[in-house]
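For reference, the structure discussed in these notes is given below.
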Amino acid sequence: MKNNPERYLAMIRSVQRWGRDSWLPGGLILLSLGMLAGLLLAAAGCSAAAGGASAPVTVQDGNLVPYTVVGIEIPKPLTSKPGDPAEGRKVAVNWLLGNCSVCHKLPIPARFHDMIGPDLDGVGSRYPASVLRLRVVDAKRFNRATLMPAFYKVQGLHLAQGKPLLTAQQVEDVVAYLTTLK
Ligand code: HEC
1072 MKNNPERYLA
1082 MIRSVQRWGR
1092 DSWLPGGLIL
1102 LSLGMLAGLL
1112 LAAAGCSAAA
1122 GGASAPVTVQ
1132 DGNLVPYTVV
1142 GIEIPKPLTS
1152 KPGDPAEGRK
1162 VAVNWLLGNC
1172 SVCHKLPIPA
1182 RFHDMIGPDL
1192 DGVGSRYPAS
1202 VLRLRVVDAK
1212 RFNRATLMPA
1222 FYKVQGLHLA
1232 QGKPLLTAQQ
1242 VEDVVAYLTT
1252 LK
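Position in the sequence shown counted from 1, then plus 1071, gives you our numbering.
Following this line, the structure appears as structure tokens:
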């Protein structure tokens, strides 16, 4: 190449010409690079937002046991004593306690039940205990407009007089019962 200055010069020129004439492809390349960067930034923004939505929130409501909500779950039980499904079943059907059957169909014989909420038969195979726990504790965290009462909440409830509908242990018992409804 060095021995052939003419060819060398011609090559330089053609490169220069390409540079001059090729503002369009060059611009397109820049534009697509810009769009790619934009997309990457948007994706990063989305994942940051999603991360934000499931960031753990610790709830300290009056003198109730504090619990941590992660997304749609309360991963840790409220009590150290494991829930008892037989007790939970009693709480669920007791009109003065859970009274779940006033709104939900439950697999229990010869009972009057309404159909305001979904049939709870099989709910144990649809959701893990952690999701069921948040549903029972405070279903409004899942769906603001739900008719389902928050069973472990006093804040903002005027009639509760500092007492939740269920105790922490009763919540765990009900959750244990729900997980048996496969
Ligand atoms: C006043 C009516 C009402 C009562 C009482 C009630 N629920 Fe609900 N529940 C609902 C409604 C309505 C839904 C449907 C989802 C929504 O609206 O958030 C629901 C949804 C659920 C779900 C999710 C079911 C699914 O398949 O997605 C579970 C679990 C649940 N309830 C458990 C209970 C338990 C346990 C009790 C009793 C401790 C109870 N509910 C009491 C109305 C009620």
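Ideal placement from N, C-alpha and C gives every residue a C-beta, glycine not left out.
Closest to residue i by C-alpha separation, out of the options, would be which residue?
i	options	result
Val1242	Ala1200, Gln1226, Asn1214	Ala1200
Val1202	Gly1227, Lys1234, Ala1247	Ala1247
Leu1252	Gln1226, Val1225, Leu1218, Gly1159	Gly1159
Asn1134	Gly1233, Leu1191, Lys1152, Val1140	Gly1233
Cys1171	Pro1148, Phe1222, Tyr1198	Phe1222
Lys1176	Gly1169, Gly1195, Thr1129, Gly1188	Gly1188
If you check the beta carbons only, do residue i and residue j fall under 9 Å apart?
i	j	result
Leu1156	Thr1238	Position check: residue 1156 holds Pro in this sequence, whereas Leu was assumed. Contact flag unset, no.
Val1162	Asp1244	yes
Gln1240	Thr1150	yes
Val1141	Pro1153	no
Is residue i a contact residue of the ligand SAH, with contact defined as CB to any heavy atom under 8 Å?
i	result
Asn1214	No copy of the ligand SAH occurs in the structure displayed; its ligands are the ligand HEC alone.
Could you tell me the alpha carbon to alpha carbon distance between residue i and residue j, rounded to whole angstroms?
i	j	result
Lys1211	Met1219	8 Å
Gln1131	Pro1137	5 Å
Arg1215	Lys1147	23 Å
Phe1213	Pro1235	18 Å
Asp1192	Arg1206	15 Å
Leu1224	Val1208	Looking at the sequence itself, residue 1224 is Lys, so the reference to Leu does not match. Looking at the two C-alpha atoms, the distance is approximately 7 Å.
Arg1204	Arg1197	13 Å
Ile1179	Leu1168	17 Å
Ser1125	Asn1165	34 Å
Across which residues does DSSP place residue i in a beta bridge pair?
i	result
Thr1129	Thr1139
Just list the alpha helix (DSSP H) runs in the region 1138-1200, keeping only unbroken ones of 4 residues or longer that don't cross its boundaries, in chain order. 1156-1164, 1194-1197
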